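Visitor: Following this message is one structure expressed as structure tokens.
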Amino acid sequence: DVQLNDMAWLPDGRGLVVMFYYFSWVFGRGQLGFISSGAGHVRPITKDTNSYYDITLSADGRTLATVQQRYATTLYLLPSTGFIGKPPTPAPAQNRNSNFFGWASNSELYFGDSESLLRVSAVGSSKTTILSDANAQIISADDCGLYTVLVWGGHGAGSKVNIWRIGKDGSSPLQLTNGTLDAMPRCSPDGTWVYYSDWHHGQIMRVSINGGVSEIVPGTDVSGMNHAGGFDVSRDGKLLVSIDAKPAENAATNFLALVSLDASQGPRRRLLDPDPRIS
């Protein structure tokens, strides 16, 4: 469950100072440790919620220098028409332990607070805990008509990350997907389908809001193209848009792929050339 990213021998050869990387379902963090020449296991030097990068040892091996990294995330609510000039100020609704959010309604937001799912008013005046799970990680959630869908890591499936459905009050949880790393749920406007990214296989999938067997969204799996990032479903439910990449010798070329979701017409797909800086 760790990855060694950097290392340095002590001058007397009795062991290594290493930077090892912890992984979670949302982010990783680099920590410093020591591996004795004869022990073969890592003894932590640092053990905190910051992250560290790079290792430099003094000539006598008594002093260690490293770079400490801290990350902060801030939510902004932007007008759909865009803005010119001075950027908007941060949104009143904030949650310091969240990396992702989702809309609960036009006036409320969901935050995945690690072990809890919170519903917060957009003006920041109220905050309600909908669901808590100290043994897993609730990453993000979104509104799906009569239900809420969420990304739940490590709940009932070891280290797997899956999509679940719950009632608006957090009741009656139902596991919808069974992959290794399923994320980014998007609901169809009528609330019957949940579209999501299978990050393990690089595919866009969908499953019924009532559960069942997941399927690849027709028209999204094309030979010679890789699903490279985000996707979304149009407000009328007729189109799916995704960022797809065409591999090349030096660098991949990104496209916006528009796929028809109208089953009566069959999968139709066309590519748009976006700004080349798109990611």
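Letter by letter, the sequence shown follows residues 40 to 318 in the numbering used here.
In this text, a Cβ means the ideal position worked out from N, Cα and C, and glycines have one as well.
Bear in mind that the values here come from a model prediction, so they are computed numbers and not experimental data.
State the start and end residues of the unbroken beta strand (DSSP E) segment that holds S90.
Guide: It spans S90 to L96 - the beta strand (DSSP E) in which S90 sits, taken as one unbroken run.
Visitor: Using a Cβ-Cβ cutoff of less than 8 Å, which residues in the same chain neighbour L117 once the five nearest sequence positions on both sides are dropped?
Guide: P127, listed in sequence order.
Visitor: State the start and end residues of the unbroken beta strand (DSSP E) segment that holds G206.
Guide: That run of the beta strand (DSSP E) goes V200 to G206.
Visitor: Which term fits D237, buried or exposed, when burial requires 16 or more other beta carbons within 10 angstroms of its beta carbon?
Guide: Buried, because 16 or more other Cβ atoms sit within 10 Å of the Cβ of D237.
Visitor: From T187 to G209, what does the alpha carbon distance come to, in whole angstroms?
Guide: In a straight line, the C-alpha of T187 is about 8 Å away from that of G209.
Visitor: Is S75 helix, strand or coil by DSSP?
Guide: Strand at S75.
Visitor: In this structure, how does DSSP classify S303 when only helix, strand and coil are distinguished?
Guide: In this structure, S303 counts as helix in the three-state DSSP scheme.
Visitor: Checking the sheet assignment: what are the DSSP bridge partners for A222?
Guide: S236, per the DSSP bridge assignment.
Visitor: Alpha carbon to alpha carbon, what distance is there between T259 and A180?
Guide: Their Cα atoms are separated by approximately 23 Å.
Visitor: Answer yes or no: do R308 and L297 have a C-beta to C-beta separation smaller than 8 Å?
Guide: Contact: yes.
Visitor: Considering only their Cβ atoms, is the gap separating V246 from A222 smaller than 8 Å?
Guide: Cβ distance not < 8 Å, so A222 and V246 don't count as in contact.
Visitor: Have a look at the DSSP bridge pairing and note the partners of I80.
Guide: The amino acid occupying residue 80 in the given sequence is His; Ile does not appear at that position. Note: H80 sits in no beta bridge, so no partner.
Visitor: In its own chain, which residues sit with a C-beta less than 7 Å from the C-beta of G100, not counting the 5 before and 5 after it?
Guide: The residues are L49, P50 and D51.
Visitor: Can you check whether the CB of I84 is closer than 8 Å to the CB of D45?
Guide: Contact flag unset, no.
Visitor: Do I255 and M264 have their CB atoms nearer than 8 Å?
Guide: Against a cut-off of 8 Å, the Cβ pair of M264 and I255 comes out as no contact.
Visitor: Taking 8 Å as the limit between beta carbons, can you name the residues of its chain near Y77, skipping five residues before and five after?
Guide: Looking at the sequence shown, residue 77 is not Tyr but Gly. Within the same chain, G77 has no close Cβ partners at all.
Visitor: Since A130 and Y115 should fall inside the 8 Å C-beta cutoff, what is the C-beta to C-beta distance between them, to a whole number of angstroms?
Guide: At roughly 6 Å, the Cβ-Cβ gap stays under 8 Å, so A130 and Y115 are in contact.
Visitor: I178 bridges to which residues according to DSSP?
Guide: None, per the DSSP bridge assignment.
Visitor: Classify H328 as buried or exposed, calling it buried when 16 or more other Cβ atoms lie within 10 Å of its own Cβ.
Guide: Given that the chain is displayed from residue 40 to residue 318, the structure contains no residue 328 and the question cannot be resolved.
Visitor: Can G151 and I169 be called in contact, C-beta distance under 8 Å?
Guide: No.
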